[in-house]
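Here's the structure, in C-alpha cells; my notes come after.
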Amino acid sequence: MQIGYKLFAEDVAPKELIRRAVEAERAGFDFVEISDHFHPWLPEHAHSSFAWAILSAIAARTTTLRLATGVTCPSVRYHPAIVAQAAATLQIISDGRFTLGVGAGERLSEHVVGAGWPEVGDRHARLRESLEIIRMLWSGGTHSYRGEHLRLVDARVYDLPERLPEIVVAAGGPQAASLAAELGDGIFSTDPDASLVEAWTAAGGDGPRYAEAPTAYAADARTGAEAAHRRFRFGALGWKVLAELPDPTAFDQATQAVRVEDMEASFACGPDVERHVEVVSAFVDAGFDHVALMDASEDADAFMAFFADELGPRLRTLG
84 MQIGYKLFAE DVAPKELIRR AVEAERAGFD FVEISDHFHP WLPEHAHSSF
134 AWAILSAIAA RTTTLRLATG VTCPSVRYHP AIVAQAAATL QIISDGRFTL
184 GVGAGERLSE HVVGAGWPEV GDRHARLRES LEIIRMLWSG GTHSYRGEHL
234 RLVDARVYDL PERLPEIVVA AGGPQAASLA AELGDGIFST DPDASLVEAW
284 TAAGGDGPRY AEAPTAYAAD ARTGAEAAHR RFRFGALGWK VLAELPDPTA
334 FDQATQAVRV EDMEASFACG PDVERHVEVV SAFVDAGFDH VALMDASEDA
384 DAFMAFFADE LGPRLRTLG
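In C-alpha cells, the structure reads:
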C-alpha cells in the first residue's frame, strides 16, 4: 500500500503547500496529491492557488515523492489539450513521478470561464472525450478531433516523456467506474466503497486504486473534530450537492446544519493511532491501495511527526 498526504490548496498558502510537500517526503509519505480548483469551498478558506505551478515547484524540491492531481477536470475550465501538455511536461520535470487524476468537475470552479455548467450526463460525456483527446495527443504526432462536445484542430504535444503518466479517473458510480477501466489506468474515490472497485474490476480495470481518508490529528478528539468542521464540513453534503453549488457562500449556507459531532463520527479525530488506523482500514478493506490522508490538523508539522513516529509504521502493516 502507498500512503499519501493531501495538499488542501483551498486552505493553505502556495509556499506553505510546497513546504508541506517537502516535509511529507521527509516524514515518509509515498506521494502527495493536490486539489485543482479555481475557488475554495468555504468562506473560511482563504486560498486556491494554481495546482500545476505548485506541483512543478514540489517536483524541483523533492526526489522520491510521487505527485498527483486530486483531481483535475479536463473539459471545462481547461481544454484537454492543455491538460495533456501540462501533464506530459510535469512527468518530464519530475522524472516520472506524476499521476494525472481526473474527474467530471464541480460547478464551483468550472463555471468561472462562462461556458455554463453541463448536466451530469453531458459532464461524463465530456470527460470521455477529454480522455480520448489526451490519449490521442500522448500517442505522438499531430491530431484533430471532432466530438459531440469538444474539438481539437491540428494539435501536437512536442515534449512527451519516455513513460507516460498514469491516469486515474474519479468514480462515484458504476458508469464512471467503467470509464475508468476503459480509458484510465486506475480509479479514484473519496468513499470506502468496495462496489466501485468491484465495478471497475468487472469492467477490466487493473491498476492503482486511489482514495482519500479523513483525519484530524489534534491533542484530543474534540479539538480535531472542531478543526475538521472548520475545514471540511462541506464534504458532508455528498457529491450530488458538491458538484452543483456555485460559490463559497452557497456552501456556507448549505452546511449550517452540519455539526462538529458529525465530523467526529466520520473523521479520525485526535491522537489515537488506532482510530486513525480504523478509518484508513475501511479504504484498504474496500480495495484501495493508494490512500491519501486528508488531514484537518491545525499544526501540520505535529501531524507529520505523528505520522513519522507512530501512524506511518502502523499503517504499513495494513497492506
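Take the sequence shown: its position 28, counting from 1, is numbered 111 in the numbering used here, and each next residue is one higher. Just so you know, even glycine gets a beta-carbon here, dropped at the ideal spot from N, CA and C.
Considering only their Cβ atoms, is the gap separating residue j from residue i smaller than 8 Å?
i, j, result
"F317", "F334", "yes"
"A294", "F350", "no"
"R209", "H232", "yes"
"G230", "E212", "yes"
"R305", "F371", "no"
"L183", "T155", "yes"
"D392", "Y300", "no"
"A369", "P257", "no"
"L356", "V367", "As written in the sequence, residue 356 is Val, which differs from the Leu given in the question. In this structure, V367 does not lie closer than 8 Å to V356 by Cβ."
"S437", "L150", "In this structure the chain extends from 84 to 402, so residue 437 is not present and cannot be described."
"E189", "L325", "yes"
"W322", "G269", "no"
"Q339", "L247", "no"
"A383", "D345", "no"
"I250", "G224", "no"
"T298", "H359", "yes"
"V343", "E309", "yes"
"P354", "A302", "yes"
"L148", "F112", "yes"
DSSP beta-bridge partners for residue i?
i, result
"H226", "A238"
"G269", "V251"
"M377", "P297"
"Q85", "H373"
"L90", "I117"
"G184", "V251"
"R292", "I270"
Check each candidate in the options and name the one with the smallest Cα separation from residue i.
i, options, result
"G290", "L320, V252, P244", "V252"
"E245", "T172, A365, D355", "T172"
"A286", "D303, L220, T273, L262", "L262"
"P67", "S192, V280, A375, T152", "This structure cannot speak to residue 67, because the chain is shown only from 84 to 402."
"C352", "F371, R292, S380", "S380"
"E235", "L214, H373, A385, E309", "Looking at the sequence provided, one finds Leu at residue 235 rather than Glu. Here the closest residue by C-alpha is L214."
"A385", "R397, G307, V343", "G307"
"A110", "I86, G269, W322", "I86"
"L376", "R102, F114, K98", "F114"
"P157", "F181, H120, L247, W124", "H120"
"L138", "A169, L243, Y161", "A169"
"K98", "K89, F112, A140, S118", "A140"
"E281", "A238, A259, S227", "A259"
"V195", "P123, I165, L247", "P123"
"I101", "F390, V240, A142", "A142"
"G288", "S278, A302, S272, E265", "E265"
"Y228", "G186, F181, A164", "A164"
"I439", "H162, F181, G186, L243", "The structure shown has nothing for residue 439, since the chain only spans 84 to 402."
"G153", "G186, R397, D242", "G186"
"L243", "G395, V166, A348", "V166"
"E347", "R313, R397, P396, F389", "R313"
"G199", "T332, V159, D237, A238", "V159"
"K89", "T400, L398, P396, M387", "M387"
Please decide whether residue i counts as near chain C, where near means a Cβ-Cβ distance under 8 Å.
i, result
"F271", "No chain C appears in this structure, which consists of one protein chain only."
*Give a yes or no on contact between the stretch 133–143 and the stretch 188–207, applying the rule of three or more CB pairs nearer than 8 Å.*
no
_Assess contact between the stretch 111–131 and the stretch 87–103, defined as three or more Cβ pairs (one per stretch) separated by less than 8 Å. Is contact present?_
yes
_For a minimum of 4 consecutive residues, which ranges assigned as the alpha helix (DSSP H) are wholly contained in the stretch 314–373?_
Fully contained in the stretch 314–373 are the following alpha helix (DSSP H) runs of length 4 or more, in chain order: 322–325, 331–337, 343–349, 356–368.
_the stretch 100–111 contacting the stretch 352–366, beta-carbon criterion three pairs below 8 Å_ = No, they do not touch.
*asked:* List, from N- to C-terminal side, the beta strand (DSSP E) runs of 3 residues or more that fit wholly inside the stretch 136–168.
replied: Taking only runs of at least 3 residues, the beta strand (DSSP E) segments lying wholly in the stretch 136–168 are 149–152.
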